[in-house]
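In our numbering, the protein residues as written are 2 to 110.
Dropping the structure here:
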């Protein structure tokens, strides 16, 4: 992993590589600019497929996952909200086909 940090030491982006040095995933981090208790706190992290867009995986710039961080009025962090998007080729490769193709709610009666 390679992180790029702000002047204050907060992560701005991250590249994740496999053992051969190929970049698999990239991340970016967003921070609140509102003055007060939330100023400078992370409000969102996004994970992207770093592979080139192809016909099979055209949504290269669509996040695979979004993590949204919320805080109470005093600035205390709450549980993050995680949004997983439709998996692309690299997500299927990393998670395995059983984890991305299985829908546990499909057969609920």
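Glycine included, C-beta positions come from ideal geometry on N, C-alpha and C. Bear in mind the structure is a predicted one, so any value in this text is a computation, not a measurement.
Check, Outcome
"Buried or exposed by the 16-neighbour rule on C-beta atoms within 10 Å, applied to residue 46", "buried"
"Helix, strand or coil at residue 65 [DSSP, three-state]", "coil"
"Contacting residues, own chain, Cβ-Cβ under 6 Å from residue 4 (five flanking each side not counted)", "12 and 15"
"Beta-carbon separation (whole angstroms), residue 65 vs residue 86, contact threshold 8 Å", "6 Å"
"Which of helix, strand or coil DSSP assigns to residue 14", "strand"
"Integer Cβ distance of residue 78 from residue 72, believed to fall under 8 Å", "6 Å"
"Residues bridged to residue 50 (per DSSP)", "26"
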